[in-house]
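S.K.: Quick one: structure below, then a few questions.
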Amino acid sequence: MGVLVAVSLTACTNPNTPAGHEGYVFEKPRIFGAGGYRSTLEGPSNYGVSLWRNQVINIDMRPNTYTENFKILANDDLNISFDFHAVISIKQGTVKEVVESYGGENWYQRYIRETFRTYVRSAVQKYDSRDLKGSREKIAVEVTEKLQSYLGNTPFDIAKVVVGNINYPEIVANAVEKKLAAQQLLSEKETQKQIARKDAEIRVEEAKGIAEAQKIINATLTPNYLQHEAINAQLKMADSPNHTTVYIPVGTNGLPLVKGTR
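Shown next as structure tokens:
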């Protein structure tokens, strides 16, 4: 009797389920009995001590991110590497269905993963490699809608799909960098050209101003004006305190001669 009691006590189980999970409690038969499903638990909770050989499979019901890595040939036959992230959760109260129909803890690998990857390949291969970065949102929307349709009558909810970093082959990345550098240099050259054009316009305007000024000056340099200026200069020298002798040729009218401006 003592042995039977000891065996019974050591065989007792107390399945428990942590927060954010639901537990699928089942009996694992010993010598006799069919075993099978017993009940479900919503964490945090426990099933209680039982003489039956009860166990629990705990399924995380919270939204989780599932990441897939891809290396896909784009529409222009260029191999592009990138990541896709899908945020998926399980509907509350569906743990029994998840365990019995969708593989339990391996539900993502068994039921969703390959379909998800197929939808991504189909969406990406429509675009040329150079258009992929600008089409991330369209690709994500297309994959999300297909997954939502696929999972419509299942315990799973797809929250969103996000396209991660897109990595081009090294030769393409180098070509893009060179193109950007060339565009930057071209922009600088265009700026320099505009500056040079403006400098030339300034010099032309300055030359026009000098020519106009010279034209005005030449028009005022008449013989009478020059003789007037020469007389004024003689008057100033005559008033100078220094002894100065100036020889000035004069014309018939007794005024200093001034050579014609022509």
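So the sequence shown is numbered by the numbering used here: it starts at 47 and just counts up by one. Using N, Cα and C, we set each Cβ at its ideal position, and we do this for glycine too.
Between the Cα of Asn104 and those of Asp203, Ser175 and Pro61, spot the shortest distance and give me the residue it belongs to.
M.R.: Pro61
S.K.: When DSSP builds the beta bridges, which residues end up paired with His131?
M.R.: Thr113 and Val208
S.K.: In whole angstroms, what is the alpha-carbon distance linking Ile212 and Tyr112?
M.R.: Rounded to the nearest angstrom, the two C-alpha atoms are 17 angstroms apart.
S.K.: Heavy atom of the ligand MG less than 8 angstroms from the Cβ of Gln260, yes or no?
M.R.: The ligand MG is absent from the structure shown, which contains no ligands of any kind.
S.K.: Indicate the three-state DSSP secondary structure (helix, strand or coil) for Leu197 in the structure shown.
M.R.: DSSP places Leu197 in the coil class of the three-state scheme, outside both helix and strand.
S.K.: When the Cα atoms are used, what is the spatial distance from Val102 to Val187?
M.R.: Here the C-alpha atom of Val102 lies approximately 37 angstroms from the C-alpha atom of Val187.
S.K.: Is it true that the segment 234-245 meets the segment 183-200, where meeting means three or more beta-carbon pairs spaced less than 8 angstroms apart?
M.R.: no
S.K.: Could you tell me whether the segment 163-176 touches the segment 109-125, where touching means 3 or more Cβ pairs closer than 8 angstroms?
M.R.: yes
S.K.: Check whether the Cβ atoms of Thr153 and Phe116 sit closer than 9 angstroms, and answer yes or no.
M.R.: In the sequence under discussion, the amino acid at residue 153 is Trp, which differs from the Thr named in the question. Result no, Cβ atoms of Trp153 and Phe116 do not sit closer than 9 angstroms.
S.K.: Might you give, ordered along the chain, the residues of its own chain that have their beta carbon closer than 7 angstroms to the beta carbon of Lys192, omitting 5 neighbours on each side?
M.R.: Tyr165
S.K.: Going by the beta-carbon positions, is the gap between Lys172 and Thr190 smaller than 9 angstroms?
M.R.: no
S.K.: What residues in its chain sit with their C-beta under 8 angstroms from that of Gly149, if we drop five residues either side in the sequence?
M.R.: Gln155, Arg156 and Tyr157
S.K.: What does a CB cutoff of less than 7 angstroms around Ala169 pick up in its chain, not counting 5 residues either side in sequence?
M.R.: Ile185, Glu188 and Val189
S.K.: Measure the alpha-carbon distance for Lys137 versus Glu234 and round it to whole angstroms.
M.R.: For Lys137 and Glu234, the distance between alpha carbons rounds to 58 angstroms.
S.K.: According to the neighbour-count rule (16 or more other Cβ atoms, all chains shown, within 10 Å of its Cβ), is Thr63 buried or exposed?
M.R.: buried
S.K.: Can you look up Asp46 in the DSSP assignment and give me helix, strand or coil?
M.R.: Because residue 46 is not part of the residues shown, which for the chain are 47 to 308, the question remains open.
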